[in-house]
Amino acid sequence: MGPLSPTRTMRLWGPRSLGVALGVFMTIGFALQLWGGPFQRRLPGLQLRQSWASTPGPAVPSCLPRQRLVFLKTHKSGSSSVLSLLHRYGDRHGLRFALPARYQFGYPKLFQASRVKGYRPQGGGTQSPFHILCHHMRFNLKEVRSVEGVDRTGERWAHACSQDHQGRRPQAWRLPRHPLTQELGMGATKVLQVMPSDSFFFSIVRDPAALARSAFSYYKSTSSAFRKSPSLAAFLDNPRAFYQPGARGDHYARNLLWFDFGLPFPPEMRTKRGNPHPPRDPNPPQLPSGVGLRAHTLDPNALFHPVPTVADGHSQTSSSASLDLRSSSFIQWNLAWLDSVFDLVLVAEYFDESLVLLADALCWSLDDVVGFMHNAQAGGGQGGSAVGDGGLTAEDRQLSARARAWNNLDWALYVHFNRSLWARIKQYGQSRLDSAVAELRARREALAKHCLVGGEALDPKYITDRRFRPFQFGSGKVLGYVLQSGLSLQDQEECERLATPELQYKDKLDAKQFPPTVSVPLKTSRLPSP
Ligand SMILES: *[C@@H]1O[C@H](CO)[C@@H](O)[C@H](O)[C@H]1NC(C)=O
Numbered sequence: 001m002g003p004l005s006p007t008r009t010m011r012l013w014g015p016r017s018l019g020v021a022l023g024v025f026m027t028i029g030f031a032l033q034l035w036g037g038p039f040q041r042r043l044p045g046l047q048l049r050q051s052w053a054s055t056p057g058p059a060v061p062s063c064l065p066r067q068r069l070v071f072l073k074t075h076k077s078g079s080s081s082v083l084s085l086l087h088r089y090g091d092r093h094g095l096r097f098a099l100p101a102r103y104q105f106g107y108p109k110l111f112q113a114s115r116v117k118g119y120r121p122q123g124g125g126t127q128s129p130f131h132i133l134c135h136h137m138r139f140n141l142k143e144v145r146s147v148e149g150v151d152r153t154g155e156r157w158a159h160a161c162s163q164d165h166q167g168r169r170p171q172a173w174r175l176p177r178h179p180l181t182q183e184l185g186m187g188a189t190k191v192l193q194v195m196p197s198d199s200f201f202f203s204i205v206r207d208p209a210a211l212a213r214s215a216f217s218y219y220k221s222t223s224s225a226f227r228k229s230p231s232l233a234a235f236l237d238n239p240r241a242f243y244q245p246g247a248r249g250d251h252y253a254r255n256l257l258w259f260d261f262g263l264p265f266p267p268e269m270r271t272k273r274g275n276p277h278p279p280r281d282p283n284p285p286q287l288p289s290g291v292g293l294r295a296h297t298l299d300p301n302a303l304f305h306p307v308p309t310v311a312d313g314h315s316q317t318s319s320s321a322s323l324d325l326r327s328s329s330f331i332q333w334n335l336a337w338l339d340s341v342f343d344l345v346l347v348a349e350y351f352d353e354s355l356v357l358l359a360d361a362l363c364w365s366l367d368d369v370v371g372f373m374h375n376a377q378a379g380g381g382q383g384g385s386a387v388g389d390g391g392l393t394a395e396d397r398q399l400s401a402r403a404r405a406w407n408n409l410d411w412a413l414y415v416h417f418n419r420s421l422w423a424r425i426k427q428y429g430q431s432r433l434d435s436a437v438a439e440l441r442a443r444r445e446a447l448a449k450h451c452l453v454g455g456e457a458l459d460p461k462y463i464t465d466r467r468f469r470p471f472q473f474g475s476g477k478v479l480g481y482v483l484q485s486g487l488s489l490q491d492q493e494e495c496e497r498l499a500t501p502e503l504q505y506k507d508k509l510d511a512k513q514f515p516p517t518v519s520v521p522l523k524t525s526r527l528p529s530p
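Residues in the sequence shown are numbered from 1 upward in steps of one, following UniProt numbering.
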């Protein structure tokens, strides 16, 4: 018990304290206005304890909720569930989305700012900037971030690279200038601008073994490598028999995360689509002196040519060991670059833990990140629980090992961001996290019971309302939700938001941002008269 009990506190309220209290109340009022939506529109009886952050004391937020976001939506990684909460949050707060004309930004091509609906290059209009960019793209920083972002990137580089990240961060990086800095320095006057420089960049990754299972079923007919193979096991048993770089949908069959992050591929993995934008730097960082390589520049190409290297003063021809070393430097270089760009990377296997950290980083309430799983395939096990190799058969384990080896770049990416996530969890506090996760799950369960028929995701055959029927794709069924009947008007609205699949939600936001004008009379004129 603290020294001040509530009654004693009351007695202490002299005129001076009143002034302080007034200030505090005004701050709270201001904060509540900012947080408006979530506090005013809670489902009755489902009020969340405000103290979920579990820091006792006055509920005065010490931060402002962040509302400029870039979410890189990676494939088959639970990203649809993240998209759902972004849609909801933006919808409730009237935020402006940078939307694709259809559902993706020209994927699998690299993101181009010109693909954003209503986008006008700097100076080309008086439009207000976008708040949220979150639909499928192959990441392309150059086209995502606005001009002012460059300096910040440079700074972040310095930050990311000077950190000794669990002993793995190379110590001897020469702090590079970001490629964009160079570009601007060369007199680029009209750099594309989509997102403001202070945007929060985040994404999500998933264990490549789980991702491969999901991708195989989902892209069975899209990827020629998958289509030719009778099963994932057969594919992974001898991927080269099916996989051809450059063939249709090849990116779905190997290192899909790496691809989505827009990272360059080493030459032997390259496809026609190629490597448009490796984070190449005119003054590239040098390799750490301790790794046994001659300190040469970090050119991804150089790293993969079988050139003789000097290790420990002895000349060596390229052995597989030195090749490993070079490829690992290539990987580390790219991961360090991602660290300098992304503020947070969620991990699908620790989805709820990730959501708590996300809410914390964004200064959002727990309610803002509570939602339902979206775009899950029947029997796909896309649940957010941490899945170890514990209950798996020997065959499953072998398949996982092969999937991770085949998707070696994704595996490195995954291990890296898993480590970062857990470092953050440690910082946040394990027990604080555990109680927030428990609260989040309880809240989700309560919402599911309240909103959903059966309290869970259902086979699409039960979903007759087109607004809630998820887009069906791939060889599995994509699950969705059926709303309870008899909800109050307010609950209905909130439950609809929670249950709306991503494509329908995108259409809804699109219609809100671009109210139909010309098409309305056309549509009405086509309506059959009664
Ligand atoms: C992810 O991190 C957790 C916590 O350190 C660990 O238990 C788990 O094995 C890690 N997973 C991988 C694939 O590295």
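Ideal placement from N, C-alpha and C gives every residue a C-beta, glycine not left out.
Buried or exposed: which applies to Cys-451, given that a residue is buried once 16 or more other Cβ atoms fall within 10 Å of its Cβ?
-> Residue numbering aside, residue 451 sits at position 451 when the sequence shown is read from its first letter. Buried, because 16 or more other Cβ atoms sit within 10 Å of the Cβ of Cys-451.
Trp-422: CB within 7 Å of a non-hydrogen atom of ligand 1 | As a working mapping, residue 422 is identified with position 422 in the sequence shown. Yes, Cβ of Trp-422 sits closer than 7 Å to a heavy atom of ligand 1.
Can the beta-carbon of Leu-399 be found less than 8 Å from the beta-carbon of Leu-236?
-> Translated into positions along the sequence shown, residue 399 becomes position 399. Translated into positions along the sequence shown, residue 236 becomes position 236. Yes; because the gap between Cβ atoms is below 8 Å, this pair is in contact.
Top-ranked residue by Cα proximity to Ser-197, from Leu-69, Tyr-103 and Arg-240 = Residue mapping note: residue 197 aligns to position 197 of the sequence shown, counting from 1. When only C-alpha atoms are compared, the closest one is Leu-69.
Could you tell me whether any Cβ in chain D is nearer than 8 Å to the Cβ of Ile-132?
-> Absent here is chain D; the protein component of the structure consists of one chain.
So what's Pro-239 in DSSP terms, helix, strand or just coil?
-> Translated into positions along the sequence shown, residue 239 becomes position 239. Of the three classes helix, strand and coil, the one that applies to Pro-239 here is helix, per DSSP.
8 Å Cβ cutoff met for Val-482 and Tyr-462 = The residue you call residue 482 lines up with position 482 of the sequence shown. The residue you call residue 462 lines up with position 462 of the sequence shown. A Cβ-Cβ contact shorter than 8 Å links Val-482 with Tyr-462.
What three-state label does DSSP hand Arg-145 in the structure shown?
-> Counting from one through the sequence shown, the residue named residue 145 turns up at place 145. The answer is strand: DSSP assigns Arg-145 an E or B state.
Across which residues does DSSP place Ser-203 in a beta bridge pair?
-> As a working mapping, residue 203 is identified with position 203 in the sequence shown. Looking at the DSSP assignment, Ser-203 forms a beta bridge with Leu-72 and Val-345.
Could you have a look at Phe-330 and say whether DSSP puts it in helix, strand or coil?
-> By one-based count along the sequence shown, residue 330 stands at place 330. In this structure, Phe-330 counts as helix in the three-state DSSP scheme.
Starting from Glu-456, follow the alpha helix (DSSP H) in both directions and report where the run begins and ends.
-> The residue given as residue 456 occupies position 456 in the sequence shown. Glu-456 -> no alpha helix (DSSP H), and no H or E assigned at all.
Would you kindly work out how many angstroms separate the C-alpha atoms of Pro-65 and Asn-238, rounded to a whole number?
-> As a first step, residue 65 must be located in the sequence shown, where it is residue number 65. As a first step, residue 238 must be located in the sequence shown, where it is residue number 238. Answer to the nearest angstrom: the Cα atoms are 49 Å apart.
Specify the secondary structure class of Gly-480 as computed by DSSP and reduced to three states.
-> One-based indexing of the sequence shown puts residue 480 at position 480. Note: Gly-480 maps to strand in three-state DSSP.
For His-416, which residues does DSSP report across the bridge?
-> What you label residue 416 is simply residue 416 of the sequence shown in a count that begins at 1. For His-416, which the question treats as bridged, DSSP gives no partner whatsoever.
Look up Val-370 in the DSSP assignment and say whether it is helix, strand or coil.
-> By 1-based counting over the sequence shown, the position of residue 370 is 370. Coil at Val-370, not helix or strand.
Determine, using beta carbons only, whether Leu-409 and Trp-258 come nearer to each other than 8 Å.
-> Taking the first residue of the sequence shown as 1, we reach residue 409 at position 409. Taking the first residue of the sequence shown as 1, we reach residue 258 at position 258. Cβ distance < 8 Å, so Leu-409 and Trp-258 count as in contact.
DSSP beta-bridge partners for Met-195?
-> For the purposes of this step, residue 195 is taken as the residue at position 195 of the sequence shown. Its beta-bridge partners are Arg-145.
Which residues mark the beginning and the end of the alpha helix (DSSP H) in which Leu-358 is found?
-> Taking the first residue of the sequence shown as position 1, residue 358 is located at position 358. Leu-358 -> alpha helix (DSSP H) spans 351–362.
Contact check, Tyr-372 vs Ala-448, beta carbons under 8 Å | Taking the first residue of the sequence shown as position 1, residue 372 is located at position 372. Taking the first residue of the sequence shown as position 1, residue 448 is located at position 448. Residue identity check: residue 372 is Phe in the sequence provided, not Tyr. Yes, these two residues count as a Cβ contact at 8 Å.
Measure the Cβ-Cβ separation of Leu-133 and Glu-502 and say whether it is below 8 Å.
-> Along the sequence shown, one-based indexing puts residue 133 at 133. Along the sequence shown, one-based indexing puts residue 502 at 502. Result no, Cβ atoms of Leu-133 and Glu-502 do not sit closer than 8 Å.
With respect to 7 Å, is the separation between the Cβ of Asp-352 and the closest non-hydrogen atom of ligand 2 below this value?
-> With respect to small molecules bound, the structure shown includes ligand 1 and not ligand 2.
Are there three or more Cβ pairs, one per stretch, closer than 8 Å when the stretch 427–434 is compared with the stretch 468–479?
-> no
Three CB pairs or more closer than 8 Å across the stretch 100–114 and the stretch 226–235 = no
Excluding sequence positions up to five away, which residues of its chain have a Cβ less than 8 Å from the Cβ of Leu-392?
-> Here residue 392 refers to the residue found at position 392 when the sequence shown is read from its first residue. Ser-400, listed in sequence order.
What is the C-beta distance between Gly-262 and Leu-110, in whole angstroms, given that I count them as a contact (C-beta under 8 Å)?
-> By 1-based counting over the sequence shown, the position of residue 262 is 262. By 1-based counting over the sequence shown, the position of residue 110 is 110. The pair is a contact, with the Cβ atoms about 6 Å apart (cut-off 8 Å).
Other residues of its chain near Glu-395: CB distance less than 8 Å, five sequence neighbours each side excluded | The residue labelled residue 395 in the question sits at position 395 within the sequence shown. Correct list, in chain order: Ala-233.
Going along the chain, which unbroken runs of the alpha helix (DSSP H) with 4 or more residues stay wholly within the stretch 481–520?
-> At a cut-off of 4 residues, the continuous stretches assigned as alpha helix (DSSP H) that sit fully inside the stretch 481–520 are 489–499 and 502–513.
For His-136, which residues from the same chain have a beta carbon less than 8 Å from its beta carbon, with the 5 sequence-adjacent residues on both sides left out?
-> Indexing the sequence shown from 1 puts residue 136 at position 136. For His-136, where only same-chain residues beyond five positions count, the Cβ hits under 8 Å are Lys-73, His-75, Pro-100, Tyr-103, Gln-104, Phe-105 and Tyr-107.
Out of Phe-201, Ser-62 and Phe-130, point me to the one whose CA is closest to Leu-346's CA.
-> As a working note, residue 346 is residue 346 in the sequence shown. From the listed residues Phe-201, Ser-62 and Phe-130, the smallest Cα separation to Leu-346 is found for Phe-201.
Relative to ligand 1, is the shortest distance from any of its heavy atoms to the C-beta of Asn-407 smaller than 7 Å?
-> Translated into the one-based positions of the sequence shown, residue 407 becomes position 407. Asn-407 Cβ: outside cutoff for every heavy atom of ligand 1.
Proximal residues to Met-269 (C-beta, below 7 Å), its chain only, five neighbours per side dropped | Along the sequence shown, one-based indexing puts residue 269 at 269. Same-chain partners within the cutoff: Pro-245.
For Ile-132, the three-state DSSP class (helix, strand or coil) = In the sequence shown, the residue the question calls residue 132 occupies position 132. If DSSP states are grouped into helix, strand and coil, Ile-132 belongs with the strands.
In chain order, what residues of the same chain have a beta carbon less than 6 Å from the beta carbon of Ala-423, not counting five sequence neighbours either side?
-> The residue given as residue 423 occupies position 423 in the sequence shown. Excluding positions up to five away in sequence, the list is empty.
Pull up the distance between the alpha-carbon of Lys-426 and that of Asp-459, whole angstroms please.
-> Translated into the one-based positions of the sequence shown, residue 426 becomes position 426. Translated into the one-based positions of the sequence shown, residue 459 becomes position 459. Cα to Cα, Lys-426 sits roughly 38 Å from Asp-459.
Taking the CB atoms as reference points, tell me whether Pro-208 and Ala-376 lie closer together than 8 Å.
-> In the sequence shown, residue 208 corresponds to position 208, counting from 1. In the sequence shown, residue 376 corresponds to position 376, counting from 1. Not a contact, by the Cβ cut-off of 8 Å.
Heavy atom of ligand 1 within 7 Å of Val-369 beta-carbon = Residue numbering aside, residue 369 sits at position 369 when the sequence shown is read from its first letter. No, the Cβ of Val-369 stays beyond 7 Å of every heavy atom of ligand 1.
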